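Chemist: Residue numbers (the working numbering): 423 to 724.
Every residue, glycine too, gets a C-beta built ideally from N, C-alpha and C.
Quantities reported herein were computed from a predicted structural model and do not represent experimental measurements.
(1) Tell me where the beta strand (DSSP E) around residue 475 begins and ends.
(2) Measuring alpha carbon to alpha carbon, tell me which of 558, 656, 625, 589 ends up nearest residue 716.
(3) Give the list of continuous beta strand (DSSP E) stretches no shorter than 3 residues that lie fully inside the segment 611–649.
(4) With a CB to CB cut of under 7 Å and the five nearest residues on each side skipped, what residues in its chain are close to residue 582?
(5) When DSSP labels each residue in this structure, what does residue 428 get in the three-state scheme?
(6) What are the start and end residues of the alpha helix (DSSP H) that includes residue 553?
(7) Would you call residue 577 buried or exposed, if buried means 16 or more other Cβ atoms sit within 10 Å of its Cβ?
(8) Look at the Cβ atom of residue 610, then the Cβ atom of residue 474, and state whether they are nearer than 7 Å.
(9) Take residue 666 and list the residues in its own chain whose beta-carbon comes closer than 8 Å to its own, dropping the five residues that flank it on each side.
(10) If you draw a straight line from the alpha carbon of residue 599 to that of residue 462, how long is it in whole angstroms?
(11) Would you check if there are 3 or more beta carbon pairs closer than 8 Å linking the segment 622–632 to the segment 640–656?
(12) What is the DSSP secondary structure of residue 688, reduced to helix, strand or coil?
(13) Here's a check: name, in chain order, each residue in its chain whose Cβ is nearer than 6 Å to the Cβ of residue 605, leaving out the five neighbours to either side.
(14) According to DSSP, simplified to helix, strand and coil, what is residue 660?
(15) Please name the residue in 511, 497, 687 whose C-alpha comes closest to that of residue 720.
(16) Between 537, 526, 457, 507, which lies nearest to residue 708 when the distance is taken from Cα to Cα?
(17) If you check the beta carbons only, do residue 705 and residue 693 fall under 7 Å apart?
(18) Going along the chain, which residues of its own chain have a beta-carbon closer than 6 Å to the beta-carbon of residue 569, five neighbours each way excluded?
(19) Between the alpha carbons of residue 519 and residue 718, how many angstroms are there, rounded?
(20) What does the alpha-carbon distance come out to for the pair residue 429 and residue 515?
(21) In terms of alpha-carbon separation, which member of 471, 645, 550 lies closest to residue 533?
(22) Rounded to the nearest angstrom, what separates residue 517 and residue 553 at their Cα positions?
(23) Starting from residue 559 and walking both ways along the alpha helix (DSSP H), at which residues does that stretch end?
(24) Would you grab the beta carbon distance between residue 670 and residue 687 for me? Rounded to a whole angstrom, and I think it's under 8 Å.
(25) Take residue 681 and list the residues in its own chain whose beta-carbon comes closer than 6 Å to its own, dropping the five residues that flank it on each side.
(26) When you compare each of 548, 538, 607, 524 to residue 574 by their alpha carbons, which one comes out closest?
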C-alpha cells in the first residue's frame, strides 16, 4: 500500500501536525517496511529537484534542528504548516537530540505530501561517516532490531538531498558556506547524486565551512578540521559576482539563535534548543515575505 493511502500515516500526520500540542515524550512506532517506503518515495522527489533549488517568496527558512522534534513542532505551531506555508530547511536534521528519526519521518512525509511547500537541503550531519558517531546510529535501535539496515536506508537517502537554494535570485542558502573550489555555481549544479561527502571535496567545504566571526578577509583552516574559514571579502566577491544580497546558512550556534555578519550580508541561523551545553537563550528562523523583506522570529528556550 502506498503510504499516502495508509490510514496509519494519515493519522500520524494529523497527530504530529496538530496545532498547540505540547509533546514531551515522543513515542511513534513505524515498521521497517514503512520506513523503507518513506525513504524511497522522498528519494524519488529529491531526484526530480536540482542540486540548487530556485525558490520564490514568501518562505520561511529554518536552520539546524538536530533531532529536536518538540522545537520543530513549535515552529510549525507558531508559523503554520505546509502547504499553507512554504519552508526551506538548511540541513542538520539529526544527531545530538533525542528524536532524529521522528524529525526525519515527519519532514520526509511532509515532503511526499507537499513537495512544493517544503524543501530540504543537506547538512554536514547528513553523512554516514558523521552521524554514526553523534547519536543517529544509536537512535535507529529504537524502531527496529535491524539497526544497521535502517541506518543505511536513511543515509542512502541523505546522498540525494539538494545542496543549495536561491530565493528570488537574491538570497543564496546553504548549510555551511563558501569554498575556494567554488569557481562557478555550475560546478554544484553538475554534481551527480547520489553523492558521498569526501574530505577536501567541494561538497565537503560547502557543508562544513564557517565565516570568520570578526571582520577578517581571505581563507583559513577551519578549527573543525573540515572545510574553511572564509572572510568578508570572499562573501562580498561571491555576492557581487551573482548579484545576490545575502548568504543564509546554518551550522553554528549563537546566543540569540542567529547572527548577522559582514554588514548584514551573511546570516547564520540555528533553529533548535541548545544541544551543546552552550549558553543560548533562544533559537531562531527567518521569515521572507513576498516583497523580500526579512524578519527574524525568535523562540525562547524554556
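Modeler: This is what the structure gives:
(1) 474–477
(2) 589
(3) 641–643
(4) 465, 468, 469, 615, 616
(5) Caution applies to residue 428, whose pLDDT of 47 falls short of 50 and renders its modelled position unreliable; the model cannot decide the point.
(6) 550–553
(7) buried
(8) yes
(9) 588, 591, 592, 593, 594, 660
(10) 29 Å
(11) yes
(12) strand
(13) none
(14) helix
(15) 497
(16) 507
(17) yes
(18) 562, 563
(19) 24 Å
(20) For residue 429, the pLDDT reaches just 43, beneath the cut-off of 50, and the residue's location in the model is therefore unreliable, leaving the point undetermined.
(21) 471
(22) 6 Å
(23) 558–561
(24) Not confirmed; about 10 Å, so no contact.
(25) 690
(26) 548
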